[in-house]
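Undergrad: This structure is in structure tokens; I'll ask about it shortly.
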Ligand SMILES: Cc1cc2nc3c(=O)[nH]c(=O)nc-3n(C[C@H](O)[C@H](O)[C@H](O)COP(=O)(O)O)c2cc1C
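In our numbering, the protein residues as written are 1 to 280.
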């Protein structure tokens, strides 16, 4: 088994028929890094060098962008009071306050609209796609940032929970019209190795010719069991036990369906409309 097959097996908790690539083959290091991805939430106090951060920005902004419009803004929250105000909004995520660098990745549909004004053209696409394009661009930039950070020996944790406090976050960081937060990003030198989280198998995600989820019930049971064999969620982490109890087997699908059974971020559409987006 090659190193990449081992990493792929580790990622999915099962052997996969992936191409055998020699460890020293060109690009093998990149493939291995992708397979080894992990989120980091605990950091050393060691600061991130400014030129390293600049390198990460450069790598992040090398991501592809829809129509080359480049609809992203990154706010680095440096001011201690602002940083504390953001951390205080999400007290159960201590890493927001403790990471050496905290960034806010935003979709930015403002720049192109300002450019339209400057160049005397109409921005004729203020519909849902304008939002989606900026969100997609931002997600790609974030992924490049994470990959670059990990290659530089750093660790990241994206923070979508900023959207639970979208108005407060927008006020703290003075987000103007047509700019919206996609996610925060904690960055620093990891203090722990972290762990590889077991993914749903490709057979549940990749469809041949047409969408087919007819095997979902059996596939998800197998995934829950496989994942549980690698990491068992401890009872103290079960969600909403008062409402739903503590079953003998508490797998990923029980955990995630409990998570999404609680409504949140209801004010996102209202935020976007108030910031000038038409979502029609
Ligand atoms: C868009 C996005 C938002 C996320 N938001 C949060 C968050 O608010 N808090 C957090 O602790 N982790 C957050 N995460 C990290 C995920 O929980 C993590 O990626 C997932 O559990 C899979 O683990 P892995 O990245 O280590 O493979 C986020 C990840 C993404 C991609």
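In this text, a Cβ means the ideal position worked out from N, Cα and C, and glycines have one as well.
If you follow the alpha helix (DSSP H) that residue 229 is part of, which residue opens it and which one closes it?
TA: It spans 216-230 - the alpha helix (DSSP H) in which residue 229 sits, taken as one unbroken run.
Undergrad: Is it right to say residue 54 is buried, meaning 16 or more other beta carbons lie within 10 angstroms of its own, or is it exposed?
TA: Flag for residue 54 reads exposed.
Undergrad: With distance defined between alpha-carbon atoms, name the residue in 69, 255 and 265 nearest to residue 111.
TA: Residue 69 is the option with its Cα nearest to residue 111.
Undergrad: Which residues share a DSSP beta bridge with residue 157?
TA: In the DSSP output, where bridge partners are listed per residue, residue 157 has 186.
Undergrad: At a Cβ threshold of 9 Å, is residue 75 touching chain C?
TA: Within the model displayed, chain C is absent; a lone protein chain is all it includes.
Undergrad: Compute the beta-carbon to beta-carbon distance between residue 12 and residue 198, rounded to the nearest angstrom, for a pair I have assumed lies under 8 Å.
TA: Indeed they touch by this definition, with Cβ atoms about 7 Å apart.
Undergrad: On the criterion of 16 or more Cβ atoms from any shown chain inside 10 Å, does residue 108 qualify as buried, or is it exposed?
TA: Classification for residue 108: buried.
Undergrad: Just curious, the beta strand (DSSP E) that residue 105 is in, first and last residue?
TA: 101-108 is the extent of the beta strand (DSSP E) around residue 105.
Undergrad: Would DSSP call residue 235 helix, strand or coil?
TA: Three-state DSSP puts residue 235 in a helix.
Undergrad: Could you check whether the Cβ of residue 204 sits closer than 8 Å to any heavy atom belonging to ligand 1?
TA: Residue 204 Cβ: outside cutoff for every heavy atom of ligand 1.
Undergrad: In the structure shown, what three-state DSSP assignment does residue 42 receive?
TA: Residue state, collapsed to three classes: coil.
Undergrad: In chain order, which continuous runs of the beta strand (DSSP E) of length 3 or greater are located wholly inside the region 17-93?
TA: Counting only runs of 3 or more, we get 72-76.
Undergrad: Can you tell me whether residue 153 is buried or exposed? The criterion is at least 16 other CB atoms within 10 Å of its CB, across all chains shown.
TA: By the 10 Å Cβ count, residue 153 comes out exposed.
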